[in-house]
Each structure stands twice: as C-alpha cells, then as structure tokens.
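Residue 99 in our numbering is what sits at position 112 of the sequence shown, and the numbering runs on without skipping anything.
A virtual CB, placed ideally from N, CA and C, is assigned to each residue, including glycine.
What you are looking at is a predicted structure, and each value in this text was computed from that prediction instead of being measured.
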Amino acid sequence: MSGSSRSSIKQLDELTINQIAAGEVVERPAQVVKELVENSIDSGSRKIRIEIEDGGFSRISVIDDGHGIPKEELKLAIKRHATSKISSSDDLSTIVTKGFRGEALASIAAVSKLVLSSKVKDSDGFSITVDNGSIGNIELTGIPPGTKVDVLDLFQKVPARLSFQRRPSTENAAIVDIAISLALSESEVGIIVEIDGRIVLECPPCDSMEDRLYDLFGSTSSKLIPLESSEIDIQAPGEESWEGWISPPGVSRSRSDDIHILVNGRTVNSGPFLQSIKRGYHTRLMVGRHPIGVLSLNLPTTEVDVNVHPTKREVRLKNSWRVLERLERSIKYTLSKISTQPELKDLTILEGINIDVNEDEKDSEQFVPSWAQVSKKEKSDVALASMFEEDKAAGMQGMDRDDFAMPFLRVLGQLSPETNKRDAKYVEGAEPGMIFNTVTKQTYDGEKGLNVIVCGYKREYVEWSDRGEGTSAPVAIHPVSSGIIKEATRGADWKDRLPNGNYLENTASYFVLTEDLQTAVITMKSTQLKVSRNWNSMMNSIKLQGKEGLFTPAAYSHVYNLKTVQQSNDKGTWFGWSVSKVGPIQDKSVYEAAKQFASTVGSVEVKHGGDDKASKKSDDVPF
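Here's what the structure looks like:
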C-alpha cells in the first residue's frame, strides 16, 4: 500500500504454517475422511470403520486393523512431511500408495482436536492428543491392534473456515461418496460407515470386483457391461489400458455422481474424463443424462504425476490425449456389441446405502431426459388430465402478462434473508452458494448446478437510489441506446453516479427455461458481467454445418449448466455464477417450447428487485 511503512520478512511459526497448509489439505469434513481412510488402506487394513457425528463437525472417527504406529513414531506422525511411504524425491515417480505427502495428520490437527491412538501387534497401545496445533503427551491406552483417529470439533477455532461449510446432511452425503469411491478402489478392504449412530454403508471385504459392485449398486450391477477394447487398441502403441464396467444407455442418471475413475488404483476427479465418456456414448444418451461407470486406468507409474494437488484428487498424465482417445474408442466398441433399447426403469439407486443421499432423485430416475422429468405428484395426476383437458385454462381469461410474477434465479449469499433463520423470508435448507427461485422458493445445489435454455437476452442500465433501505424497486430502467452512461461519473464507492445522486448498474438479463420447463430470469451485473460476456461468446461460437454452409444456431438450441462458485477481490468474497455448455437439445418438443418463449421475450419487462430488498445486493456482496 502506498504511504505505508515497510514490513520486514520473518519466518512464520509452526502453528501458522500448519494452519495455512490445512487450508489446502482439509477443505471440509469429507476431505478429512478421505485422508484418514487412505492412511488406513496404506497401513494394510482389512477392515475400516468410519463414524460420523453432526456431518463430521462434532466427531470423525476412523478405526482400522492395520499395522499400527509404534510409540516412538507417534509424535513424528503428526509432524508435517513425515511419512513412511516415500523416502526421497526419486520415489515420487513410482508412487503406489494412496498417500505420500505426510501432511494429512498435521493439517487436520491444526484445525481440530485430534486424538491418535495406535497399537502395533504384540505391544501396548498408546495415544497422543493434539488440540488445534498444541501437542500433548503420549499416554498408555487400551486399543486392539491397528489405529484409531478421533477428530473432534473440526474448525471450531477457525470460525472463518467454519462459516464456509455446508449443512451436516450435505457433508454426510459427501462422506458416503468418498467411502464409495475408496470401496471401489480397494475391493479387498471392508468399509463400514456409521452416521449419527446409524450404519448407512456396509461393504465387507470381497474377493472380486463384481462382488463389490453388487454391494454398492445392488441389482443394478447385473446391468453393467464389462469394458472391452477393440483390436485396434490392443495393438496400439503405449502401455496404458482401460478396464471396468459401464452401464447400457437404458441405465442412466441426471448427474455424473456415479462415474468413478481410478488411475493405478487411485480415485481421481472424473471431470477431465467426462467428455471422452460422453463422446463414447455419442447419441445413445439423451442430453442431460449420464451413465454409471467404474473405469480403471492402468499405466506405468512414470507416466502419471500424482503430485499435482494437495488433495491428490487430480493427476497429470504424460500421454493424456492418447489415454482419452482410447477410453472413447473402448466405450464405443463395447456399446456397439449390445442393444441400445432403453429400459423402462432406471435401476441406479445404490442399494447398499441406507441414507437418502439424493432425495430429489428418488422418484425421477426413469429413462427420460431431465427436461421431461416430472415430480411424483405430477405423475399421480396424469390420470386426471383427460378430465380437465376439456376446460383447459378456464377462469384465467382475465389474466395477462402483468398479472404473473416472472421468477428470478438468484445466487444466495451470506446476507440473503433466505439463509437467515431469524428472518421472516428464511427458506428451510437454504444456504449461501445455492441457487434460489424467487417465486417457487425452490433451492438448487450450487455445486451440482441447474440446466437451463437461453430464450432471450437484454442489457439495460438500472438506476438505483441510495435512500435508506426504502423500496427495493429501481428508480428507472434505461435502455443501452439511451446513452445515459455518458451522464454518469465514477464515484469514490466505484459506482457510476448520475447528477441527481442516483447510481447506474449495467445489468444483463437472461430469459431461460429451467429443467422443469419453467420460465425464469437471471440477471448479472458488476463482476458477473465478465461471466455474461463469456456466456454470450460461448453461444455465438457454436457453429453447425447447414445446407448453405456453417451457421450459428438459435440461443435456445443448446442447454447450459449454471453453477455457483466463490469469487473474491480486495473487498471480500462472494458467490457468483459459473456457466458451462451441456450440449444441443435432443427433444423437439422442448425446442418448440423454448422457441415459443423466445418469441415473447421482447415484450417482457424485467422488474428488477421486486419485493426482495436483498436482491439488488445479493449479486455481488463480499463477506
């Protein structure tokens, strides 16, 4: 900062270093579980028990029957970069264990009360307690051979970190996902997950991967198809190979949660592989649907770098293009040998799990595109349609456009009244980072996102007054062509001020159809205008080959996914939009519905703000 005095360079203390490192390694309770279970697997365990209380915020316990840690190594185990899995940098190119960084226990102990208890066979058991970085003494304890790690009051003394965490039920689901991934990577290891005193997942040790698949997917596992490689790939250069199981097109999900990727037995983020998988299925899957897959990549350890990210969920492949192409070809070859007739019932429920991880999908997993999915109640009402059809729309003749509220899709922030339990507008289950429909009051998981079709676009200058809390409605709305921005000057608060003292917000509005074919508006302003421009460029860059050459299709020809992400600057941190392209619409009736809505957008007036006093602030509010 200009005018400030110079600060001298100094070495940080050990506790501060550990807490900084913890920010990379320990993002949430599910990450703690992942690190601890991976340690248990590396210790030669055959049985691992995971116990969770309050989403992991109150207690996480991982108990195994592995080799254990000798008394003389307990203090060393909770030091940073202390590990038994590698001894030098040369070992980084030949890593075969789940962990290797030696950071997990130290990072966890820096942001919780950690009790590490262990017993080596034919010796006494000992424990050591670390309270948010403060190391206690080693004490004698009764414990069977193996190791038990108790993590208590996670993030309680790091309130900033705690404020970013999600509700316990969300963490419970994430922990189950982690356990499933690790169970798939190590079928010979038994894993039990107990949440709030109830066993929700129980996978005994298995002799074969087929048995493990049955434990997790139940009868659905019989529908999965072993992945096969064509003769071309068998003879192709390179030592990498793919194996595993994929679902036929008739067994699919609306989310990609059940695509599990293993690289040399290590569970990794499936994101980089999804496009290859989609290309492999090509037109056999409807837009917005995802298969089930357990896919394992085997390749020389020298051709994969696992030392990319502290969480070890990302890897770098030496010949990634070749690996991805081989995966795509293998999927195409496997599917070419089976019938593509879709099943009437989508058997994708994880039968081995006793927790409602995806409650919103319980009754919507038939093989139909997400655009055509309806709620259970709507399904039960289908039989009434014929009785009501003769008098359709009766009683609504006096209603026109001004008599209906156009829903806004907003990103909930820390200051949004919907997330405040004491506010009259509080919505049950609403959390910062969720997507919120202002009319239906429905919330959507910001991490999973919401699929939409863009049917229209407007950009306007919205004029606001500073007068108290007052009304949430704008003073005026000016078209871009008005040139009013020329009258504004940038104020000290970085707002574009008019001579009358009001300020202007450059606002982009998108008229969209949501997954359930409901109309809505999304507005972007301030820092989100960059997202808007990128979205527009994304739509404009789509080119299709027509009879007369390349052309740009209508905006409503493609489906886009809206997610929320954390953003920050020198003023603070907030949740904003992230947009990605899903693909073209496959259902003609959906395309016609989008086209019809698009034809009316020109006459729609966006009523910015509405009755929500926080709406004009929640788009970009640091916290």
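Checklist entry - Are there 16 or more other CB atoms within 10 angstroms of the CB of GLY31, so buried, or fewer, so exposed? => result exposed
Checklist entry - For SER257, which residues of its own chain have a beta-carbon under 6 Å away from its beta-carbon, when the five flanking residues on both sides are left out? => result ILE246 and ILE248
Checklist entry - With 16 other CB atoms within 10 Å as the buried threshold, where does LEU127 fall? => result exposed
Checklist entry - Taking the alpha carbon of ILE167 as the point to measure from, which residue in VAL577, CYS190 and ILE186 has its own alpha carbon closest? => result CYS190
Next on the checklist: With DSSP as the reference, identify every bridge partner of GLU189, one or two as the case may be.
Outcome noted: ILE179
Next on the checklist: Rounded to the nearest angstrom, what separates GLY416 and LYS435 at their Cα positions?
Outcome noted: 16 Å
Item to check | Local conformation of MET393 per DSSP, three classes | outcome: coil
Item to check | Boundaries of the alpha helix (DSSP H) in which GLY231 is found, first to last residue | outcome: Counting along the chain, GLY231 falls outside any alpha helix (DSSP H), though it belongs to the beta strand (DSSP E) covering 228 to 233.
Checklist entry - So ASP244 and PRO155 are in contact, right, with Cβ under 8 Å, and what is the actual spacing, rounded? => result The Cβ separation is near 19 Å, so there is no contact.
Checklist entry - Based on the DSSP output, what are the partners of ARG477 in its beta bridges? => result ASP483
Next on the checklist: Taking only three categories from DSSP, how would you classify PRO16?
Outcome noted: helix
Next on the checklist: What residue range does the alpha helix (DSSP H) around GLU450 cover?
Outcome noted: Taken as a continuous stretch (DSSP letters only), GLU450 belongs to no alpha helix (DSSP H), being part of the beta strand (DSSP E) at 437 to 451.
Next on the checklist: Under 8 Å: do the region 419 to 426 and the region 489 to 500 share three or more Cβ pairs, one atom per stretch?
Outcome noted: no
Next on the checklist: Please list the terminal residues of the continuous alpha helix (DSSP H) segment that includes PRO155.
Outcome noted: 155 to 172
Next on the checklist: Given this structure, state the Cα-to-Cα distance separating LEU500 from GLY205, to the nearest angstrom.
Outcome noted: 36 Å
Item to check | Reduced DSSP secondary structure (H/G/I, E/B, other) of GLU492 | outcome: strand
Next on the checklist: Rounded to whole angstroms, what is the Cα-Cα separation between ALA96 and PRO236?
Outcome noted: 46 Å
Checklist entry - Just how far apart, CA to CA, sit SER317 and ILE56? => result 43 Å
Item to check | Member of LEU188, SER576, LEU549 and MET393 whose CA lies at the smallest distance from the CA of ASP568 | outcome: Just to set this straight, residue 568 is Lys in the shown sequence, not Asp. Closest option to LYS568, Cα to Cα, is LEU549.
Checklist entry - In chain order, what residues of the same chain lie with their CB nearer than 7 Å to the CB of PRO540, ignoring the 5 residues before and after it? => result ILE529 and LEU531
Item to check | For SER513 and LYS482, the rounded distance between their alpha carbons | outcome: 10 Å
Checklist entry - How big is the Cα-Cα spacing for GLY280 and GLY231? => result 8 Å
Checklist entry - By Cβ distance below 7 Å, which residues in the same chain neighbour MET158 in space, the five residues on each side in sequence not counted? => result First, the residue type needs correcting, since residue 158 is Glu and not Met in the sequence shown. The residues are ARG15, PRO16, ALA17, GLY42 and GLY43.
Checklist entry - Going along the chain, which residues of its own chain have a beta-carbon closer than 8 Å to the beta-carbon of ILE125, five neighbours each way excluded? => result LYS58, LEU61, LYS62, PHE113, SER114 and ILE115
Checklist entry - Hey, GLU227 and ASN285 are a contact pair by Cβ (cut 8 Å); roughly how many whole angstroms apart? => result 7 Å
Checklist entry - Tell me which same chain residues have a C-beta within less than 6 Å of the C-beta of LEU103, skipping the five on either side of it? => result ILE115 and VAL136
Next on the checklist: Do ILE325 and ILE212 have their beta-carbon atoms positioned less than 8 Å apart in this structure?
Outcome noted: yes
Next on the checklist: Quick check on the burial criterion: 16 or more other C-beta atoms within 10 angstroms. Buried or exposed for ASP202?
Outcome noted: buried
Checklist entry - So which of ASP503, ARG477, ILE39 and TYR268 has the shortest CA-CA distance to GLU315? => result TYR268
Next on the checklist: Helix, strand or coil, according to DSSP, for VAL49 in the structure here?
Outcome noted: strand
Item to check | Secondary structure of TYR578, DSSP reduced to three states | outcome: helix
Next on the checklist: Per DSSP, what are the beta-bridge partners of GLU38 in this structure?
Outcome noted: SER48 and GLU181
Item to check | Check whether TYR448 and ILE472 have beta carbons under 8 Å apart | outcome: yes
Checklist entry - Any idea which residues DSSP pairs PHE113 with across the strands? => result SER105 and LEU127
Item to check | Three-state secondary structure assigned by DSSP to MET511 | outcome: strand
Checklist entry - Identify the residues that DSSP records as bridge partners of ASN256: which are they? => result Answer is none; ASN256 lacks a bridge partner.
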